[in-house]
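**Student:**
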Amino acid sequence: MDNVQIAEMFNRMARILEFKGENQFKTRAYTNAARSIKGLDEELMGLYRNGKIDSIPGVGEVLKSKIVEILETGSFDAYEKAIKEVPHGIIDIMDVPGIGPKMARLFYEKLGIKSIDELSKAAREHRIRRLPRMGEKLEEKILRSIIRLQQDKDYGRHPIALAGEIAREIRQELCSSPHIEKVFIAGSLRRKKDTVGDIDLIVVSDEPEKAINFFINMEKVEEILEAGASKASVMYPGNFHIDLRVVEREHLGSMLQHFTGSKEHNIHLRRLAISKGYRLNEYGFTNENSGILKPCGREEDIYDFLGLDYLPPELREDRGEIEASLTGNLPRLIEKKDIKGDLHVHSTWSDGINTIEELAQAAIQRGYEYIAITDHSHSTGIANGLSEKQLIEHMGEIERINDEFDDIRILSGTECDIRADGKLDYSNDILERLDIVIVAVHAGLEQDRTRMTRRIVAALENEHVDILAHPTGRKFGKRPAYDVEMEKIITAAKENEKGLEINSSPWRLDLNDTNARNAKEHGVMLAINTDTHAIDHFDNISFGIDVARRAWVEPDDVINAMSLKQICSRLGISRQ
Ligand code: DGT
Ligand code: CA
Ligand code: CA
Numbered sequence: 002m003d004n005v006q007i008a009e010m011f012n013r014m015a016r017i018l019e020f021k022g023e024n025q026f027k028t029r030a031y032t033n034a035a036r037s038i039k040g041l042d043e044e045l046m047g048l049y050r051n052g053k054i055d056s057i058p059g060v061g062e063v064l065k066s067k068i069v070e071i072l073e074t075g076s077f078d079a080y081e082k083a084i085k086e087v088p089h090g091i092i093d094i095m096d097v098p099g100i101g102p103k104m105a106r107l108f109y110e111k112l113g114i115k116s117i118d119e120l121s122k123a124a125r126e127h128r129i130r131r132l133p134r135m136g137e138k139l140e141e142k143i144l145r146s147i148i149r150l151q152q153d154k155d156y157g158r159h160p161i162a163l164a165g166e167i168a169r170e171i172r173q174e175l176c177s178s179p180h181i182e183k184v185f186i187a188g189s190l191r192r193k194k195d196t197v198g199d200i201d202l203i204v205v206s207d208e209p210e211k212a213i214n215f216f217i218n219m220e221k222v223e224e225i226l227e228a229g230a231s232k233a234s235v236m237y238p239g240n241f242h243i244d245l246r247v248v249e250r251e252h253l254g255s256m257l258q259h260f261t262g263s264k265e266h267n268i269h270l271r272r273l274a275i276s277k278g279y280r281l282n283e284y285g286f287t288n289e290n291s292g293i294l295k296p297c298g299r300e301e302d303i304y305d306f307l308g309l310d311y312l313p314p315e316l317r318e319d320r321g322e323i324e325a326s327l328t329g330n331l332p333r334l335i336e337k338k339d340i341k342g343d344l345h346v347h348s349t350w351s352d353g354i355n356t357i358e359e360l361a362q363a364a365i366q367r368g369y370e371y372i373a374i375t376d377h378s379h380s381t382g383i384a385n386g387l388s389e390k391q392l393i394e395h396m397g398e399i400e401r402i403n404d405e406f407d408d409i410r411i412l413s414g415t416e417c418d419i420r421a422d423g424k425l426d427y428s429n430d431i432l433e434r435l436d437i438v439i440v441a442v443h444a445g446l447e448q449d450r451t452r453m454t455r456r457i458v459a460a461l462e463n464e465h466v467d468i469l470a471h472p473t474g475r476k477f478g479k480r481p482a483y484d485v486e487m488e489k490i491i492t493a494a495k496e497n498e499k500g501l502e503i504n505s506s507p508w509r510l511d512l513n514d515t516n517a518r519n520a521k522e523h524g525v526m527l528a529i530n531t532d533t534h535a536i537d538h539f540d541n542i543s544f545g546i547d548v549a550r551r552a553w554v555e556p557d558d559v560i561n562a563m564s565l566k567q568i569c570s571r572l573g574i575s576r577q
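Heads up: take any position in the sequence shown, counting from 1, add 1, and you land on the numbering used here.
#1: Could you give the distance in angstroms between the alpha-carbon of residue 484 and the alpha-carbon of residue 451?
#2: Can you list every residue whose CB sits closer than 5 Å to some heavy atom of ligand 3, going in chain order?
#3: Measuring CB to CB, does residue 159 end up less than 9 Å from residue 197?
#4: Starting from the C-beta of residue 206, find all residues in its chain whose C-beta is less than 7 Å away, skip the five residues before and the five after it, and write them out in chain order.
#5: Drop a sphere of 10 angstroms on the beta-carbon of residue 19, count the other beta-carbons inside from all chains shown, and report buried for 16 or more, exposed for fewer.
#6: Can you tell me which of 555, 399, 429 puts its alpha carbon nearest to the alpha carbon of residue 409?
#7: Could you tell me whether the stretch 308-327 touches the stretch 347-357, using the rule of 3 or more Cβ pairs below 8 Å?
#8: Specify, as a first and last residue, the run of the alpha helix (DSSP H) that residue 494 falls within.
#9: If I'm right that residue 511 touches residue 474 with Cβ under 8 Å, what's the distance once you round it to whole angstroms?
#10: Give the straight-line distance between the Cα atoms of residue 443 and residue 298, rounded to the nearest whole angstrom.
#11: Are residue 341 and residue 371 closer than 9 Å when you measure CB to CB?
#12: Where are the alpha helix (DSSP H) runs, 4 residues long or more, that stay fully inside the stretch 264-345, in chain order?
#13: How is residue 36 classed by DSSP in three states: helix, strand or coil?
#14: Let me check one thing: in DSSP terms, what residues is residue 160 bridge-paired to?
#15: Give me whichever residues DSSP pairs with residue 374 in a beta bridge.
#16: By how many angstroms is the C-alpha of residue 379 removed from the C-alpha of residue 404?
#17: If you follow the beta strand (DSSP E) that residue 351 is in, where does it begin and where does it stop?
#18: For a test of the three-state rule: what should DSSP assign to residue 262, helix, strand or coil?
#19: Relative to ligand 1, is the shortest distance from any of its heavy atoms to the C-beta of residue 192 smaller than 8 Å?
#20: Do the stretch 122-130 and the stretch 160-172 make contact, defined as three or more Cβ pairs closer than 8 Å?
#21: Could you check whether residue 90 and residue 119 sit closer than 9 Å to each other, using their CB atoms as the reference points?
#22: For residue 174, which residues in the same chain have their Cβ closer than 7 Å to its Cβ, ignoring the five residues on either side in sequence?
#23: With three or more beta-carbon pairs closer than 8 Å as the criterion, would you say the stretch 551-558 touches the stretch 507-527?
#24: Among all the DSSP beta bridges, which residues are the ones paired with residue 438?
#25: How many Å lie between residue 1 and residue 16 at the Cα?
#26: Inspect the beta-carbon positions of residue 363 and residue 536 and report whether they are closer than 9 Å.
#27: Which word fits residue 63, buried or exposed, when buried means at least 16 other C-beta atoms lie within 10 angstroms of its C-beta?
#28: Could you round the C-beta distance between residue 525 and residue 491 to whole angstroms and report it? I think they count as a contact, below 8 Å.
#29: Is the beta carbon of residue 412 closer than 9 Å to that of residue 527?
#30: Sorted by chain position, which residues of the same chain lie with C-beta nearer than 6 Å to residue 1's C-beta, five sequence neighbours on each side aside?
#31: Let me make sure I understand the geometry here. Which of 250, 487, 361 has the alpha-carbon closest to that of residue 519?
#32: Whose C-beta lies closer than 6 Å to the C-beta of residue 92 among residues of the same chain, with five residues either side of it excluded?
#33: If residue 429 and residue 465 are in contact, beta carbons under 8 Å, what's the gap, nearest whole angstrom?
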């Protein structure tokens with residue numbers, strides 16, 4: 002949980018309380034606290050670990066204890082209780098720009114509106130304009146806001162990290178049923194898409210009805226949407242829709258393949274099957290002439306039967322993987338074991354919560370050959386950035402710590418801010434002295450497409466820059482990517498021999514799969530970085546690797562899959 006997430010949680014709590022008509026002092030305490038938290042220089046987690054949580058201004062004792070609860074458990078009791086008392090759809094409505102708790106309450110009380118779809122329907126039927134204090138203009142504005150929201154392709158979808166947690170929790174519970182032999186995750190979650198619509202699960206059982214019964218009666222199930230003989234759908238806390246299919250072992254391979262998708266991939270496979278005289282569905286191959294069904298117990302059997310090499314789920318999007326498999330041209334996808342280091346790491350020098358020594362130790366434990374400490378530069382007000390003088394001390398400190406460690410090389414770096422005009426936050430003299438320079442935009446994100454593109458291209462043209470970090474700046478559920486011409490960024494990266502970052506933070510995950518693949522195809526090297534602010538974040542690398550795999554990325558495309566020797570040569574570092 003970072004400060005932004007905690008502040009969001011408090012803001013949402015305030016909206017729920019207001020919707021419920023609680024007194025305004027209570028709601029205001031939450032919004033004020035959220036504002037104070039957003040303005041903090043340091044991460045609450047860091048303050049908490051250092052016993053300095055009492056020093057936050059503008060937050061009373063009660064809310065401080067809630068912050069501690071969030072830091073320890075990921076949420077707080079009062080919030081969990083409050084969101085249960087308000088339908089999910091209403092919370093979504095309050096999140097629509099221009100609609101607050103008061104309006105949501107009016108729609109609910111007067112028209113019984115409980116979801117965005119119902120609200121949109123009411124607006125189209127002109128039922129909103131007839132409400133008190135509403136009118137034609139406001140009704141149109143609401144409709145436009147809803148349409149804009151729904152056009153975002155990640156609208157209403159869940160970040161993979163949250164969906165994965167829920168799926169594993171359910172899988173564990175299902176495994177405790179005596180009627181369930183095994184549980185498999187399918188759908189977009191298995192394909193490791195950055196966001197997922199719903200969670201698809203497959204269970205192997207000889208007693209489908211008992212398995213279904215167990216599923217729909219799990220304690221946390223909020224609503225049963227469908228319960229049939231071999232499939233069911235339920236709603237789970239957090240607005241998660243869960244689909245379950247029960248299958249006998251004999252059909253497991255075909256069922257798993259079918260529900261892993263994607264739909265486009267499946268359609269292409271079916272075409273291929275038809276060209277060979279078979280119909281393919283979730284039960285196997287049926288011979289068009291004889292009508293005999295060939296069941297597939299293992300997923301591999303399906304690809305084998307069609308003369309294809311096995312396709313990892315991450316590739317199954319019908320983006321050329323079937324053709325590549327037919328001709329033996331599948332990529333050798335990057336894996337965790339290929340990663341030799343991390344090139345985007347923050348220490349206590351800026352807004353990280355661990356010392357450089359602690360970070361180095363954690364990197365050694367993960368088998369890395371090197372890490373780059375890339376603390377923020379000074380104009381990044383939010384992040385306690387380093388002045389040029391501090392950066393020089395930082396370099397000295399890294400040199401000293403390098404002498405302490407034999408098993409890892411610490412590279413001295415920076416995450417240097419790209420200012421609104423494209424200039425960098427440090428002078429060339431100082432950038433030249435660093436082992437590695439990564440650059441990123443942190444402020445002025447609302448710039449128009451042309452200016453933002455020009456700004457980033459200018460930074461990529463600086464001879465001391467090595468990598469562009471978080472190239473699109475999106476944050477799931479908070480802000481979309483900033484407006485930028487990715488083609489031009491990729492071309493500039495290629496021409497100036499710079500790397501582009503796949504940011505492994507599960508809330509960011511930029512570049513996305515299509516941009517990363519485009520970059521690779523242009524011959525641009527990628528860095529799969531974690532942007533670590535606390536030791537645990539190193540393990541987010543798996544999310545970045547998932548994106549890279551979906552982008553067909555191979556070890557040779559990745560800067561931090563290079564050995565220490567190779568990377569020093571690329572970065573022009575002479576001493577090793
Ligand atoms: P999502 O949930 O939007 O993130 O994406 P998926 O891919 O998980 O989609 P979902 O949950 O609707 O369906 C799971 C899989 O089931 C999908 O990837 C492929 C298969 N499937 C669903 N509908 C169809 C269909 O109409 N035709 C074919 N061939 N396959 C389908
Ligand atoms: Ca799904
Ligand atoms: Ca589904």
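Built from N, CA and C at the ideal position, the CB exists for glycine as well.
**Tutor:** With the given structure in hand:
#1: For residue 484 and residue 451, the distance between alpha carbons rounds to 9 Å.
#2: Summarising the contact set, residues whose Cβ lies nearer than 5 Å to any heavy atom of ligand 3 are, in chain order, 199, 201, 244.
#3: It is a contact, given that the beta carbons lie within the stated cut-off.
#4: Within the same chain, and ignoring the five residues on either side of residue 206 in sequence, the residues whose Cβ sits closer than 7 Å to its Cβ are 180, 181, 182, 212, 247.
#5: Flag for residue 19 reads buried.
#6: If we check each option's Cα against that of residue 409, 399 comes out closest.
#7: No: fewer than three Cβ pairs fall under 8 Å.
#8: Element bounds for residue 494: 487-496.
#9: About 7 Å separates the two Cβ atoms, so the contact holds.
#10: Each residue's Cα considered, the two are about 51 Å apart.
#11: Yes, they are a contact pair.
#12: Every alpha helix (DSSP H) stretch that sits fully inside the stretch 264-345 and reaches 4 residues is listed by chain position as 264-276, 300-306, 322-327.
#13: Of the three classes helix, strand and coil, the one that applies to residue 36 here is helix, per DSSP.
#14: In DSSP, residue 160 forms a bridge with 196.
#15: Looking at the DSSP assignment, residue 374 forms a beta bridge with 346, 413.
#16: If you take the alpha carbons of residue 404 and residue 379, they lie about 28 Å apart.
#17: For residue 351, there is no enclosing beta strand (DSSP E), since its DSSP letter is neither H nor E.
#18: Reduced to three states, the DSSP call for residue 262 is coil.
#19: Residue 192: yes, Cβ under 8 Å from ligand 1.
#20: Verdict: no, contact absent.
#21: Yes.
#22: Hits under 7 Å: 219.
#23: Enough Cβ pairs lie closer than 8 Å, so yes.
#24: Secondary-structure assignment with DSSP links residue 438 through a beta bridge to 415.
#25: In the structure displayed, the chain extends from 2 to 577; residue 1 sits before or after that span and is not available.
#26: Yes.
#27: With fewer than 16 other Cβ atoms within 10 Å, it is exposed.
#28: Cβ atoms of residue 525 and residue 491 come within 8 Å of each other, at about 6 Å.
#29: The Cβ-Cβ distance between residue 527 and residue 412 does not fall below 9 Å.
#30: As displayed, the chain neither begins before 2 nor continues past 577, which places residue 1 out of reach and without an answer.
#31: Closest by alpha carbon: 487.
#32: In its chain, beyond the 5 residues on either side, no residue has a beta carbon closer than 6 Å to the beta carbon of residue 92.
#33: The Cβ separation is near 6 Å, so the contact holds.
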